[in-house]
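So the structure is just underneath, and the comments pick up after that.
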Amino acid sequence: MRITIVSGSNRKQATSTQLSVYLAKVLESNGVKATLIDLNAAPLPFYSPDVEHRDEHLNAYKKSLNEADGIVLVTPEYHGAPSGVLKNALDHVGFEQFDGKVVLSVSSAGGAVGVSSLQQLQTIVRNVHGVNCPEWISIGGEQRAFTPEGEPADSKTKDRVQRTVLYFLQMVRTFRKEEQPQD
334 MRITIVSGSN RKQATSTQLS VYLAKVLESN GVKATLIDLN AAPLPFYSPD VEHRDEHLNA
394 YKKSLNEADG IVLVTPEYHG APSGVLKNAL DHVGFEQFDG KVVLSVSSAG GAVGVSSLQQ
454 LQTIVRNVHG VNCPEWISIG GEQRAFTPEG EPADSKTKDR VQRTVLYFLQ MVRTFRKEEQ
514 PQD
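Numbers given in the numbering used here equal positions in the sequence shown, counted from 1, plus 333.
Now the structure itself:
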């Protein structure tokens, strides 16, 4: 099984990116091939329907989404919304990448939780025919601390991530499109 994680921060050492790295470790510990697309490390060009982009980061991003059985979208919450970097990345793709795939939405907010960004991500996922995981992960305030080993310092946050990832993986297994035999 392949899962693509799209980390939508434009800041080095962002807690949303740290959480993305941790999610990749949790997925891999469950026997899943996880690919992390870090939009800070591999920025995408600004989306324009009038421009055909030939960009190695954009090609790798699309290829990873195309090959994924499930997708995790991770964003900081800015002004009650997902980051512009993540929204730009999502504007570059659509039905081809998301149709029928289970998507887990994740946020890291400076305040208590990032519910507004999660709701907006779920709206976007619905509009590209993805299947929203009813569980989500939102960390805020003190929950955004990580150990030197890259794990959430808060044990409740760590447990929440573990439970949510297992739920997400079960959904992916259920909804995954299997190759149809050729006639």
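Where is the CB? At the ideal position from N, CA and C, for every residue including glycine. Please read these numbers as outputs of a predicted model, since none were measured by experiment.
A distance below 8 Å between beta-carbons, with the five flanking residues on each side excluded, links K491 to the following residues of its chain, in chain order: E484, P485.
Contact between S438 and L451 holds, with the beta-carbon distance rounding to 5 Å and staying under 8 Å. Leaving aside the five residues that flank L391 on each side, the residues in its chain whose CB is nearer than 8 Å to its CB run, in chain order, L377, P378, H425. Counting along the chain, the unbroken alpha helix (DSSP H) around K491 starts and ends at 488 to 508. Note on geometry: alpha-carbon atoms of N465 and R496 lie some 16 Å from one another. For the segment 372 to 423, the continuous alpha helix (DSSP H) assignments of 4+ residues that do not extend past its boundaries occur at 389 to 400, in sequence order. If you draw a 10 Å sphere on the C-beta of F428, you find fewer than 16 other C-beta atoms in it, and that means exposed. Per DSSP, the continuous alpha helix (DSSP H) segment holding S449 begins and ends at 448 to 460. In chain order, T337, T368, I370 place their CB closer than 7 Å to the CB of S397, counting only its own chain and leaving out the 5 sequence neighbours on each side. V354 sits in a helix when the DSSP states are folded into three classes.
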